[in-house]
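These protein sequences, in sequence, are chains L and A. Note that the UniProt record's numbering has the first sequence beginning at 1, numbered continuously upward. Note that the UniProt record's numbering has the second sequence beginning at 1, numbered continuously upward. Cβ atoms here follow ideal geometry from the backbone N, Cα and C, with glycine treated the same way. In this text the structure is predicted, and so the values were computed from the model without any measurement. What follows is a single structure, written as structure tokens, with notes after it.
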Amino acid sequence: MALAVMLLNSASFHAGCCRHKVLLSLRGPLLANSKLYSSYRRPGAEPAKKLSWQNADFSFKKGIDHLKTQLSLLKKETQDYLKGPSGHQISQHLLEQTKVLWQFRSQEDLNKWIISSDVEIGGKSKVYIKLGRNNQAALLYGTLNTEAPRDGETKYSGYCSMRSRPAVGSFNRKKYYDWSNFNTLYLRVRGDGRPWMVNIYTDPYFSHQKDDLYSYFMFTRGGPYWEEIKIPFSKFFLSSRGRVQDNQHPIWLDKTLGFTIGDKINGPFQLEIDFIGLLNDRAHREEFAYEAYDKN
Amino acid sequence: LEINTLAILPLIAKPHHPRSIEAATKYFLTQAAASALILFSSMTNAWHTGQWDITQLTCPTSCLILTTAIAMKLGLVPFHFWFPEVLQGCSLTTGLLLSTVMKLPPITLLYMTSQSLNHTPMVIMAILSAALGGWMGLNQTQTRKILAFSSVSHLGWMSIILIYSPKLAMLNFYLYVLITAAVFLTLNSIKTLNLSTLMTTWAKTPALSAMLMLTLLSLAGLPPLTGFLPKWLIIQELTKQDMAPAAVIMALLSLLSLFFYLRLAYCATITLPP
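If you want it as structure tokens, here you go:
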């Protein structure tokens with residue numbers, strides 16, 4: 001079906017090692033840790049020059065500085081805990097109907113996102129991100145190239161994505177977003193008419209589910225006017241490693257982690273994003289858009 | 001105990017959602033480990049003294065192992081980590097079963113073996129349970145997690161008096177079951193899973209939310225309501241047993257849980273959302 005074809009064409013998570021490689025790049029310079037999955041090194045991955053244990057830095061001063069930053073983060077977290085859930089007053093949590101998650105006004109905001117493309121698997125797409133005019137938006141632009149890398153393994157290629165960095169608390173612990181007060185994702189974008197895929201990753205308990213994503217599509221108009229796109233969370237469907245699963249269930253919003261945008265067709269693309277936020281649309285009554293009862 | 005555990009597992013995992021499966025797995029692992037420890041305690045007792053009956057444990061190691069095993073089953077601090085996550089992963093009705101019915105066999109076991117439990121670990125666990133149940137429930141916005149922490153703190157109250165007067169612990173347990181069942185069933189009928197949803201219930205069922213407020217205050221242990229009775233009797237018994245500082249600490253710690261019960265009652269009844 002068309003959905004599956006689009007997904008296979010986008011191949012955004014065809015190689016499961018890509019996301020891990022990107023996540024690992026947060027931790028250190030070592031990108032090509034493809035030993036996690038197989039000894040085959042993809043054309044776009046850098047050769048493993050230094051082993052991970054050789055990268056350890058035993059400088060005492062750096063260690064103390066690191067400890068100091070982590071302790072100050074911990075202190076801030078304790079103070080936030082005393083104020084209320086996620087550092088805000090409980091009244092804010094109870095009354096909020098909109099919330100802006102990511103706003104692109106400075107380089108710092110851009111640094112919260114990681115861009116990647118199929119260069120990781122040896123493709124030829126290019127993607128860049130910069131601040132738009134007057135620092136009012138982020139501009140994600142580049143060229144998509146669906147020519148598959150000639151390694152005998154990959155059939156489809158051509159994707160570019162922008163992923164949010166997972167939030168880390170003190171001592172590199174995972175921090176979750178609690179989106180249970182909201183039921184719609186709200187984006188203010190100005191695209192060029194191309195469709196995008198929006199993915200949400202919820203932190204799974206089991207490692208079997210580490211590749212599963214909740215996805216939906218965002219269709220942009222090409223016009224000079226800004227668009228406000230609302231995607232209810234009930235529309236997100238479950239896919240794992242790019243394949244839509246048979247057993248669907250609604251997304252649970254009390255543990256979300258990241259947000260990805262991916263694209264599909266050959267040629268140049270451009271997307272300006274003003275902000276990404278959440279909305280509690282009380283008029284939206286649908287709980288889940290797909291069949292959840294037992295088939296056969 | 002085992003039949004109970006096995007029977008409730010499919011109930012927890014019934015919605016085939018990863019979060020429910022996670023809850024079922026966590027529940028199974030902790031309960032299985034605790035059951036193994038219970039068997040182990042009676043086995044070591046049999047090895048040392050030849051007595052297989054679990055109600056007549058005399059070996060000190062066995063007593064300690066039994067205490068920790070039942071603490072794991074119940075969810076007393078420091079073995080409480082599974083409880084909020086398991087309760088969060090299951091539906092409200094299953095949560096009701098987990099908090100009330102599933103506590104009955106371990107409490108019965110505690111009642112039967114109360115003379116062979118170690119005093120100090122029990123008292124320490126009880127005080128820590130009341131403290132952590134209150135402290136960690138403070139910033140929660142999911143109703144199921146709030147009820148999980150309330151359960152932990154009530155179990156603390158039950159276990160502090162168990163050694164001195166098991167009947168009082170049972171009284172506390174029965175009243176806790178009654179009140180918690182009322183709260184869970186109310187929340188189930190108004191289908192609230194977080195505090196924001198709770199704020200709109202006054203428009204749908206005003207009488208029910210008024211009753212919910214009274215029930216929550218009863219759980220908190222405020223005087224004219226039933227929930228005050230076990231707390232009063234426990235404090236009285238503790239002071240009779242020359243444990244006045246423990247009684248004072250428990251009373252002070254119940255203030256923390258009072259805060260989140262009041263917050264729940266506030267959201268359900270007293271405020272008017274925009």
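Distance, Cα to Cα, S62 of chain A vs Q56 of chain A? 10 Å
According to the neighbour-count rule (16 or more other Cβ atoms, all chains shown, within 10 Å of its Cβ), is N45 of chain A buried or exposed? The residue in question, N45 of chain A, is buried, as its Cβ has 16 or more Cβ neighbours within 10 Å.
Contacts of P121 of chain A in chain L (Cβ-Cβ under 7 Å): Those within 7 Å of P121 of chain A in chain L number zero; the least Cβ separation is about 28 Å.
Would C267 of chain A and L198 of chain A be called neighbours here (beta carbons separated by less than 8 Å)? yes
Please say whether N4 of chain A and P105 of chain A have beta carbons closer to each other than 8 Å? Between P105 of chain A and N4 of chain A, the C-beta spacing is below 8 Å.
Same chain only: Cβ atoms within 6 Å of T69 of chain L, ignoring 5 sequence neighbours per side: none
Contact with chain L by M213 of chain A, beta-carbon distance below 8 Å: no
Going by C-alpha to C-alpha distance, which of L:Y214, L:S72 and L:G122 sits closest to D203 of chain L? L:Y214
Short of 7 Å Cβ to Cβ, which residues in the segment 129 to 152 of chain A face chain L? N139, T141 and Q142
Which residue comes first and which comes last in the alpha helix (DSSP H) that contains M218 of chain L? Looking at the DSSP string, M218 of chain L is not in any alpha helix (DSSP H); the run it does join, the beta strand (DSSP E), is D212 to F219.
Less than 8 Å between the C-beta atoms of Q270 of chain L and L144 of chain L, yes or no? It is not a contact, given that the beta carbons lie outside the stated cut-off.
Below 7 Å on C-beta distance, what does H80 of chain A contact in chain L? Per Cβ cutoff of 7 Å: no residues; H80 of chain A is ~18 Å from chain L at best.
Residue from L:R188, L:W179 and L:L187 whose Cα sits closest to the Cα of S196 of chain A: L:W179
For V127 of chain L, which of helix, strand or coil comes out of DSSP? V127 of chain L falls in the strand class under three-state DSSP.
Residue-level contact to chain A via CB, I276 of chain L, 8 Å cutoff: By this cut-off, I276 of chain L is not an interface position.
Going by the CB atoms, is the gap between L162 of chain A and M211 of chain A shorter than 8 Å? Taking the C-beta atoms as reference points, L162 of chain A is found no nearer than 8 Å to M211 of chain A.
Give me the chain L residues within the contact set of S196 of chain A, using Cβ-Cβ distance strictly less than 7 Å, ordered along the chain. L94 and N181
Tell whether a beta-carbon distance below 8 Å holds between L216 of chain A and V177 of chain A. The answer is no: Cβ separation not under 8 Å.
Taking N247 of chain L as the query, report the chain A residues whose CB atoms sit under 7 Å from its CB, ordered along the chain. H16
Determine the closest residue to Y177 of chain L out of L:P224, L:R188 and L:R165, with distance taken between C-alpha atoms. L:R165
Spatially closest choice to K155 of chain L from L:R173, L:I121 and L:L187, by CA coordinates: L:I121
Which residues of the segment 250 to 271 of chain A have a Cβ closer than 9 Å to any Cβ of chain L? Give them in chain order. R263, C267 and T271
Should L90 of chain L be flagged as near chain A, meaning a C-beta pair shorter than 8 Å? First, the residue type needs correcting, since residue 90 of chain L is Ile and not Leu in the sequence shown. So yes, I90 of chain L belongs to the interface.
Should the segment 64 to 83 of chain A be called in touch with the segment 93 to 109 of chain A, which here means at least 3 C-beta pairs below 8 Å? yes
Could you give the residue range of the alpha helix (DSSP H) that holds V152 of chain A? T143 to L162
Give a yes or no on whether the minimum CB-CB distance between G84 of chain L and chain A is below 8 Å. yes
For Y81 of chain L, three-class secondary structure by DSSP: helix
Hey, could you find the ends of the beta strand (DSSP E) I229 of chain L is sitting in? E227 to P232
Cβ of M158 of chain A less than 8 Å from any chain L Cβ? no
Just the chain A side, please: which residues come within less than 9 Å of F171 of chain L by C-beta, in chain order? The premise fails here: F171 of chain L is roughly 18 Å from chain A at the closest Cβ pair, so nothing lies under 9 Å.
Quick one: grab the DSSP three-state call for A126 of chain A. Looking at A126 of chain A - three-state DSSP - the assignment turns out to be helix.
Give me the chain L residues within the contact set of E2 of chain A, using Cβ-Cβ distance strictly less than 7 Å, ordered along the chain. Under the 7 Å cutoff, chain L gives no residues; its nearest Cβ is about 24 Å from E2 of chain A.
Counterpart residues of C160 of chain L in DSSP-defined beta bridges: C160 of chain L is bridged by DSSP to L:S117.
Y81 of chain L at chain A interface by Cβ criterion, 8 Å: yes
Identity of the residues DSSP links to W102 of chain L by a beta bridge: L:I276
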